[in-house]
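Add 5 to a position in the sequence shown, counting from 1, and you land on the number used in the working numbering.
For glycine and all other residues, C-beta sits at the position ideal for the given N, C-alpha and C.
See below for the structure under consideration.
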Amino acid sequence: MFCLRSRKSPKPFFIWVAIVSAFTIGSVWATGEKTDPKGAAARDTKAFVRNRKFVIVTDKGIPLRPLAICACKNDLYFLCPQSVWKVSDGLNKLAGRNQPKQNPATPATPATKDQSSEEATRIAIERNLLRCTQVIAIGTKIGQKPNDIPIHEFSAFTFMPEEKVLFVLDKSGDILQFDTTTGSWKVAMRAGYLKASPDPDLIDACPIFNSVAFLDPESRHVWRLAQAPTQIDQTLKLEQAGSHPSLASATNFAFDQAMYISWRNGYLQSNTPVAKAEKTLRVRKKRNKSQTQKKPVENKSAKAAKPKRQELSLAAALPTRMLWRPPQLLHTSRLFISSPGFSFLVEPDKNRVLFLDKEETKLSQFSFSSSSNLRGMILDKEGFWIINGSSLERRNLDQKESFFPRAKMRKLDPRLAQLALPMKKVHLPYNFGALPGTRRPYRYGVHEGIDFFVDSACQTKVDVGSEVRASASGKVVRADTNFQEMSRTKYLQVLSQCRREHATSAANEDLFRGQQVWIDHGGGCMTRYAHLSKIKDGITKGSSVKKGDLIAYVGVSGTRGAYPGQSKHPHLHFEIWLEGKYLGFGMTPQETLFVLEDIFGCGCK
6 MFCLRSRKSP
16 KPFFIWVAIV
26 SAFTIGSVWA
36 TGEKTDPKGA
46 AARDTKAFVR
56 NRKFVIVTDK
66 GIPLRPLAIC
76 ACKNDLYFLC
86 PQSVWKVSDG
96 LNKLAGRNQP
106 KQNPATPATP
116 ATKDQSSEEA
126 TRIAIERNLL
136 RCTQVIAIGT
146 KIGQKPNDIP
156 IHEFSAFTFM
166 PEEKVLFVLD
176 KSGDILQFDT
186 TTGSWKVAMR
196 AGYLKASPDP
206 DLIDACPIFN
216 SVAFLDPESR
226 HVWRLAQAPT
236 QIDQTLKLEQ
246 AGSHPSLASA
256 TNFAFDQAMY
266 ISWRNGYLQS
276 NTPVAKAEKT
286 LRVRKKRNKS
296 QTQKKPVENK
306 SAKAAKPKRQ
316 ELSLAAALPT
326 RMLWRPPQLL
336 HTSRLFISSP
346 GFSFLVEPDK
356 NRVLFLDKEE
366 TKLSQFSFSS
376 SSNLRGMILD
386 KEGFWIINGS
396 SLERRNLDQK
406 ESFFPRAKMR
416 KLDPRLAQLA
426 LPMKKVHLPY
436 NFGALPGTRR
446 PYRYGVHEGI
456 DFFVDSACQT
466 KVDVGSEVRA
476 SASGKVVRAD
486 TNFQEMSRTK
496 YLQVLSQCRR
506 EHATSAANED
516 LFRGQQVWID
526 HGGGCMTRYA
536 HLSKIKDGIT
546 KGSSVKKGDL
556 IAYVGVSGTR
566 GAYPGQSKHP
576 HLHFEIWLEG
586 KYLGFGMTPQ
596 ETLFVLEDIF
606 GCGCK
């Protein structure tokens, strides 16, 4: 000890340090990872996960661009517009616990340098791939014959852990159910099956208690799926909560001991649940007149033995908490809640994920490149994985940045940048039901355009004869100058066919559009103008038009209001098509709205 403290004789001190260091290094060399059996492996796993990025591909190596991701035990499920895919043991691969390793055995014939390089490249590529197996795809009919239904277009899904069941929303209004244990599909609810008002129009889903809740901005409700597929319980009716926006402007919701709702203008609000059901909507069965009207005698003891369902209700009169008031207009398209008390909001147009600490109400962000396409995510204690185009990227909580209003704006497709609204002094409709990608229950189909009705905000009256103008310069490829309206008998026959097929065929959908004009703008971009009353003279197939040219007039053709003396609800149906898909395909309603606002703006134009 004297030698360690002495200033006059430092040599013994250095000798002592050298001996201790040599002993420590020798122990490490001798034992390897045995000196720290968990620490080293944990550090390697964290470093592996922190910088990981996977490419999502099919079993044939074709890249996928999923809408959402969901974890079921160790498996991953990806939702695409027309299919669902599965990655077995996907969570372990994300954590780096089941990566392919090179065979350590030395081959009988030594591999050449080129062969070793190719093998190393193959293993490196395989380590960065998430190979998916298809679970279901469009063209499949689900149910029991003759009541099976076709798949239209998927929009959202969620997983119910207790039942190990995956619920998938179809844009037509159907709810499909997938048993992850047996691998079987069935219909949880058919569109148009619930004969009640309001008829649910569901855009988002999340697990809640021992059930699943669905967001319905159209009727300003949140619904909970009951055990029987013949009923849906109403659990929320929030029309106006103080000075907050109505539920009609809600875009997403999530549940974590309370309901969190994100609004179209970027606000985030929470509500406290109470154990009380406001109302229940049930399917009414038709009674046979010959049957007796006397009610059967109930067994009171059996009735008392029935288990009580845990209900959820969010009443407008309850106090609500505004977690976050955005500094400016934000376009948050998806909301995720983690158990430690954090909220993640995806803002795709600014290529970032907003991070909110619910206790401190402190806002941060995770930024991505300007060419990103951010969609769904899954969370864990240290961060999240998010879908970015055809890849799955990792971000840890310690990688968050300080929030700043201006961010990397996404690049708008130049084919869309040239477009303008097809009518003067109108703006985009505020109602989700008038946007592309929403359901059309009367014909069991999906809406593919924008409906422009009477616009009170801009003081514009859309009526029969209102002028319709070319959204951009191009060539007319269709003009129904010799259009003939469907008779009432024909119209009812088409509706009957849609009901039997539980879908709208391409031919029937063309009839419902009525008189139309199609303009090809080049580069795979096309616009369609439907429900017209008259086409301007000179607008024929093959003629060229310039942006803003008068091409037709608003009407009611193809609709129920086209019957003589019933010219009700005149409006312009306006569609935008890119590469053979309508603008809104593969998007949620809020994502579609945000893209349209990027093109046309939010106000009158």
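Nearest-angstrom beta carbon gap, residue j and residue i [assumed within contact, 8 Å]
{"i": "R474", "j": "D554", "result": "6 Å"}
{"i": "I143", "j": "S88", "result": "7 Å"}
{"i": "E453", "j": "P441", "result": "6 Å"}
{"i": "Y82", "j": "L171", "result": "6 Å"}
{"i": "V550", "j": "V469", "result": "Contact flag wrong, Cβ pair sits at about 22 Å."}
{"i": "T163", "j": "C211", "result": "5 Å"}
Residue i classed as buried or exposed, judged by whether at least 16 other C-beta atoms fall within 10 angstroms
{"i": "D542", "result": "exposed"}
{"i": "M592", "result": "buried"}
{"i": "G31", "result": "At G31, the pLDDT of 39 sits below 50, so the modelled position is not reliable and the matter cannot be decided from this model."}
{"i": "S476", "result": "buried"}
{"i": "S374", "result": "exposed"}
{"i": "Q521", "result": "buried"}
{"i": "M414", "result": "exposed"}
{"i": "G529", "result": "exposed"}
{"i": "C607", "result": "exposed"}
{"i": "N276", "result": "buried"}
{"i": "A310", "result": "Since pLDDT at A310 reaches only 40, below the 50 mark, its modelled position is unreliable, and no value is offered."}
{"i": "Q262", "result": "exposed"}
{"i": "R339", "result": "buried"}
{"i": "Q489", "result": "exposed"}
{"i": "P205", "result": "buried"}
{"i": "S93", "result": "exposed"}
{"i": "P166", "result": "exposed"}
{"i": "P427", "result": "buried"}
{"i": "T545", "result": "exposed"}
Inter-residue Cα distance where the pair is residue i and residue j
{"i": "S267", "j": "Q274", "result": "6 Å"}
{"i": "V192", "j": "S372", "result": "39 Å"}
{"i": "Q149", "j": "S189", "result": "12 Å"}
{"i": "F437", "j": "Q595", "result": "8 Å"}
{"i": "Q636", "j": "G547", "result": "For residue 636 there is no data in the structure shown, the boundaries of the chain being 6 and 610."}
{"i": "E168", "j": "D385", "result": "21 Å"}
{"i": "L361", "j": "L350", "result": "8 Å"}
{"i": "F590", "j": "M194", "result": "23 Å"}
{"i": "V60", "j": "R445", "result": "35 Å"}
{"i": "H336", "j": "G66", "result": "33 Å"}
{"i": "P345", "j": "K480", "result": "56 Å"}
{"i": "Q404", "j": "I342", "result": "18 Å"}
{"i": "H157", "j": "A196", "result": "12 Å"}
{"i": "F624", "j": "V173", "result": "Not covered by the structure: residue 624. The range shown for the chain is 6 to 610."}
{"i": "I383", "j": "L497", "result": "46 Å"}
{"i": "G566", "j": "L537", "result": "12 Å"}
{"i": "T564", "j": "C137", "result": "43 Å"}
{"i": "T187", "j": "K363", "result": "38 Å"}
{"i": "I154", "j": "L402", "result": "43 Å"}
{"i": "E472", "j": "A253", "result": "30 Å"}
{"i": "R448", "j": "T509", "result": "6 Å"}
{"i": "L181", "j": "K552", "result": "43 Å"}
{"i": "Q370", "j": "A412", "result": "10 Å"}
{"i": "I556", "j": "L583", "result": "21 Å"}
{"i": "S216", "j": "P410", "result": "38 Å"}
{"i": "I540", "j": "Y534", "result": "10 Å"}
{"i": "D418", "j": "T494", "result": "44 Å"}
{"i": "M264", "j": "L359", "result": "19 Å"}
{"i": "A422", "j": "R102", "result": "45 Å"}
{"i": "H578", "j": "H226", "result": "27 Å"}
{"i": "T443", "j": "V451", "result": "6 Å"}
{"i": "A161", "j": "I604", "result": "25 Å"}
{"i": "L328", "j": "G271", "result": "11 Å"}
Check: residue i C-beta below 7 Å from any heavy atom of the ligand SAM
{"i": "D485", "result": "The ligand SAM is absent from the structure shown, which contains no ligand whatsoever."}
Those residues which DSSP pairs with residue i across a bridge
{"i": "I141", "result": "V89"}
{"i": "G527", "result": "C530"}
{"i": "M194", "result": "I180"}
{"i": "P212", "result": "V217"}
{"i": "P155", "result": "K146"}
{"i": "G553", "result": "None, per the DSSP bridge assignment."}
{"i": "Y435", "result": "According to DSSP, which records beta bridges pairwise, Y435 is partnered with nothing at all."}
{"i": "Q423", "result": "Q423 is not bridged to any residue."}
Mind the definition here: the segment 70 to 84 touches the segment 383 to 402 only if three or more C-beta pairs lie below 8 Å; say whether that holds.
yes
Could you check whether the segment 353 to 363 touches the segment 587 to 603, counting it as contact only if at least three pairs of C-beta atoms, one from each stretch, sit closer than 8 Å?
yes
Say whether the segment 477 to 492 touches the segment 502 to 513, bearing in mind that this needs 3 or more beta-carbon pairs closer than 8 Å, one atom from each stretch.
no
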